[in-house]
Amino acid sequence: MSTVNITPMNENIYTLATISEALECSSIPGVMTLRLNNTIRTICNSNKRRTDITAEEAKNSGIKMCFSQKYSCHCSGTYESKTEMRVVQKRAKKNKCPALLCVREFFKTPEWYEITLTKDHADHTPEQSSKSASQIRIDMLRTIDRYGRSSDCKVNYYNIWNLMNKNQMISFMIWINEKLAAMNFSIFKTNTSYSPSLNLFTCGFMSPIQQNKMKNAVSFCLDATYGISGKIDEILYTLLIHNEEIGRGWPVAYMITNDRDVGPIVQWLQFLTSSLLLVNPKQITIDCCLAKVHAIQTTFFTTQIQFCIFHITQAWNRKLSDSVKISGSLLSEARLLHDKMMKSLQEIKNWCTENKFKLWSRAYFECQFSHMFTNNYIESWHNQLKTVFMKRFRNKRLDKLIFIFVHNVEYYLSQKYDRVMSNNEAMSAFTRE
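Take the sequence shown: its position 205, counting from 1, is numbered 204 in numbering that gives the first Met the number 0, and each next residue is one higher.
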């Protein structure tokens with residue numbers, strides 16, 4: 000007489016915030032684990048289809064699962080040692096560990112996933128993976144999104160390059176005119192009739208999430224960055240806010256242009272104002288760029304402009320080093336003269352006009368905007384864009400830049416916000432209060 004193994008089902012349905020309640024203490028102090036062969040269910044928060052077939056087609060074909068994925072231990076498998084050829088070699092972690100975690104989703108219950116630990120760890124002590132918890136979570140979500148597609152072939156970046164005949168503006172304008180508009184993005188395109196050049200362009204865009212963030216903000220950072228594409232004259236302008244919940248900067252608007260005049264900035268800010276997205280901001284922090292000062296003062300009459308304290312100090316020291324020189328003197332003597340000059344200049348109160356003094360002195364700004372005395376948030380954001388999202392590679396095309404904004408940056412910030420709000424990540428000081 001044959002026996003049938005039935006996997007026990009935990010009747011509770013967990014969320015991302017409460018899934019830790021399904022874990023039990025293991026034999027290792029401080030390590031929690033799932034009970035072996037016990038299935039738990041978690042709520043599915045994604046509305047994306049996992050497969051290319053509908054539930055009706057699956058029923059007619061006898062297909063029950065719309066998603067199934069198995070995850071093994073990082074110590075699974077074997078590794079052939081090469082110690083005879085290499086004397087100094089670290090011991091391999093592969094030891095045939097049979098641990099196996101199964102994640103499934105059925106057509107009859109698409110509102111949750113079923114997670115089962117079918118095999119436990121053996122012959123080693125489980126340790127933390129080299130990937131961070133957030134990266135493991137993102138990789139798992141992306142695996143679910145890609146599951147069941149008709150083609151698993153990844154399109155190479157250079158295939159798109161050749162397909163578009165190396166004319167990036169064709170694909171770039173398809174994104175601006177068609178794809179972003181279909182995703183309810185707010186699109187901005189400037190009027191370049193003021194310039195005789197036919198090659199000038201300016202386009203801006205904002206996602207629905209960015210629009211909601213901008214409407215609720217009163218202080219902003221505005222800055223530009225270069226090296227965003229294969230052409231040196233193309234610039235990315237970013238308008239950024241400080242998000243109190245996650246304690247970091249959140250970009251709320253982008254503008255890409257090859258026109259370095261003040262015209263595109265003025266038209267961009269006026270578009271945001273006419274769209275009721277940027278209405279009478281109390282303060283905008285910028286570097287010492289006069290074009291941005293003119294654009295802000297032309298659009299907003301009551302908005303305070305805060306010069307970045309870091310850029311002010313940097314410009315001051317650079318001007319002092321360039322202006323004060325002693326020919327034939329030693330470096331130590333020059334430093335002593337610089338120190339004397341700094342002490343003398345600190346005693347001079349009227350070293351600049353009153354209008355400029357009000358742009359950077361803390362005495363003229365409210366304490367609630369103390370986090371915006373510098374534009375470090377936006378400088379940090381541009382650094383993350385190029386190092387984290389672009390992987391330190393020089394981007395060649397504007398269409399790829401938009402793809403990164405839409406599919407990577409937006410996804411990352413939204414996931415980080417959800418994790419903080421569900422107490423699954425370190426909270427900011429504001430959120431803790």
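The beta-carbon is built from N, C-alpha and C at its ideal position, and this holds for glycine as well. What you are looking at is a predicted structure, and each value in this text was computed from that prediction instead of being measured.
- Just so you know, the alpha carbons of Gly226 and Val419 end up roughly 32 Å apart.
- The C-beta separation of Glu113 from Thr38 comes to about 5 Å, placing the pair in contact by the 8 Å criterion.
- Restricting attention to Glu409, Tyr416, Ile401 and Ser413, the CA atom closest to the CA of Glu177 is found in Ile401.
- The beta carbons of Thr191 and Gln266 sit no closer together than 7 Å.
- As the crow flies, the alpha-carbon of Gly203 is around 17 Å from that of Ile377.
- Between Lys118 and the set Cys65, Pro109 and Ser75, the nearest pair of CA atoms involves Ser75.
- Under the 8 Å Cβ criterion, the stretch 274-291 counts as touching the stretch 217-231, having at least three qualifying pairs.
- Rounded to whole angstroms, the gap between the alpha carbons of Phe309 and Cys65 is 54 Å.
- In the structure shown, Lys395 falls within a coil segment according to DSSP collapsed to helix, strand and coil.
- At the C-beta level, Gln167 and Arg334 stay beyond 7 Å of one another.
- In the three-state scheme derived from DSSP, where H, G and I count as helix and E and B as strand, Ala216 is classed as coil.
- Under DSSP, Ile240 takes part in a beta bridge, and its partners are Trp249.
- CA-to-CA, the gap between Lys385 and Ala57 works out to about 43 Å.
- The beta carbon of Leu100 is closer than 6 Å to those of Tyr70 and Leu116 in its chain, skipping five residues each way along the sequence.
- Val251 is classed as buried because its beta carbon has at least 16 other beta carbons within 10 Å across all chains shown.
- In the structure shown, Val102 adopts extended strand secondary structure according to DSSP, grouped into three states.
- In summary, Met31 is exposed, with fewer than 16 beta-carbon neighbours lying within 10 Å of its beta-carbon over all protein chains present.
- If you draw a straight line from the Cα of Thr17 to the Cα of Ile208, it is about 26 Å long.
- Non-local C-beta neighbours of Lys93 in its own chain, meaning closer than 8 Å and more than five positions away in sequence, comprise Cys74, Ser75, Gly76, Thr77 and Tyr78, ordered along the chain.
- Where Gly262 is concerned, the enclosing alpha helix (DSSP H) starts and stops at Gly262 to Ser273.
- For Glu332, no pairing in a beta bridge is given by DSSP.
- Met341 carries a helical assignment under DSSP once its states are collapsed to helix, strand and coil.
- Shown here, Leu277 sits in coil according to DSSP, grouped into three states, outside any helix or strand.
- Here the C-alpha atom of Asp222 lies approximately 23 Å from the C-alpha atom of Asn198.
- By the criterion of a C-beta distance shorter than 6 Å, Met254 is surrounded in its chain by Gly203, Tyr236 and Trp267, once the five residues flanking it on both sides are discounted.
- About 7 Å separates the beta carbon of Ser194 from that of Asp258, a gap short enough to meet the 8 Å contact definition.
- For the pair Gln210 and Ser185, the CB atoms are nearer than the 7 Å cut-off.
- Looking at the DSSP output, Lys188 shares a beta bridge with Cys202.
- In this structure, the beta-carbon distance from Phe187 to Phe299 does not fall below 7 Å.
- In summary, Phe392 is exposed, with fewer than 16 beta-carbon neighbours lying within 10 Å of its beta-carbon over all protein chains present.
- Annotation for Glu110: the continuous beta strand (DSSP E) segment containing it runs Thr108 to Lys118.
- Around Ala290, the same chain offers Val261 and Ile264 as residues with beta carbons nearer than 7 Å, after the five sequence neighbours per side are excluded.
- Tyr70: member of the beta strand (DSSP E) spanning Met64 to Ser71, first to last residue.
- When DSSP states are grouped into helix, strand and coil, Arg34 belongs to the coil group.
- Put simply, the backbone Cα of Trp174 is about 7 Å away from that of Asp398.
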